[in-house]
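Sequence positions in the sequence shown follow the working numbering and run 4 to 197.
C-beta atoms are modelled at their ideal positions from N, C-alpha and C, and glycine is treated no differently.
Since we're looking at a predicted model, the values are computed, not measured.
Quick notes on the structure that follows.
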Amino acid sequence: MSQINVTATARLPTRHGEFAMDTFRYGDDPVPHLALVVGNPGGDETPLVRVHSECATGELFGSLRCDCAAQLDESLQRIQAAGCGILVYLRQEGRGIGIENKLKAYALQDQGLDTVEANIALGLPVDARSFDAAVAYLKHKGVTRCQLLTNNPEKEQALKDGGIEVTRVPLKTPGQAHSHPYLEAKRLRLGHDL
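Dropping the structure here:
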C-alpha cells in the first residue's frame, strides 16, 4: 500500500512555463509536500528530477545568505526545458530544523560560527531532513530512474537506497559574497559538490 496520498492537483502557469502541481501527504507528515510535474515522468526513461527543501528566507524574502532560490529557479527552468520531469518540494525548512531554529542558527553564524557549528551549538542535528517522502512520491509517479539535479551526495544516496537508479546532474548557480561562507561550509563540511 502506498504511503502517498495526492490531495490536490491543478495547472500552474509560471514564469518558467506550465506545470501540473500536486499537493501530497506522506504517511503521518503533518503538512503536505508539493510537486511540480512536466510531461509524463513515469513514462520517460530518465526524467529530470529535483528534490528541493523549503527555504522561506531565500525563496520568499530574497535572502542572500543561501543559494536556495537560485537552485529552485534553475531547476524549474531546466525541467521545463527538458519537457519532462518533477520538482519535489519538501516542507522541511532549514535542513529540517524549522524557521525559528534557522533564525537562531543565523544569529550564531553572525557571531562567527558556520552553518554546521551553529546547528550543533543549538543542540540540533546538522541535517534533520528525510528524503523518504520524495522517494515515495517519485515511485508513486512511476519513476524508477532519473537524472537528479543536485550537488548533495546524501540526496543521491537516499534515492538510490529507495530503489531509484540515479545519475547525478550538478546544479551550478552563481554565488555571491553573502552566501560564500554558507556555500563553503556545505562544500567542506557536508561534502556538497560545489
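To the nearest angstrom, report how far apart residue i and residue j are at their CA atoms.
i    : j    : result
T170 : L151 : 6 Å
A73  : R18  : 14 Å
L153 : V9   : Strictly speaking, residue 153 in this sequence is Thr, with Leu absent from that position. Going from the Cα of T153 to the Cα of V9 covers about 25 Å.
R14  : A110 : 39 Å
E21  : R94  : 22 Å
Flag this pair as yes or no: are the beta carbons of residue i and residue j separated by less than 9 Å?
i    : j    : result
N104 : L90  : no
C87  : G42  : yes
G99  : V138 : no
A23  : V34  : no
A11  : K144 : no
Can you tell me whether residue i is helix, strand or coil according to DSSP?
i    : result
A23  : strand
E157 : helix
L15  : strand
E62  : helix
L162 : helix
Exposed or buried, what is residue i when buried is set at 16 or more other beta-carbons lying within 10 Å of its beta-carbon?
i    : result
N155 : buried
N122 : buried
L75  : buried
L63  : exposed
Handout entry: beta strand (DSSP E) runs contained entirely in the stretch 66-144, provided each spans 3 or more residues
Key = Taking only runs of at least 3 residues, the beta strand (DSSP E) segments lying wholly in the stretch 66-144 are 88-93.
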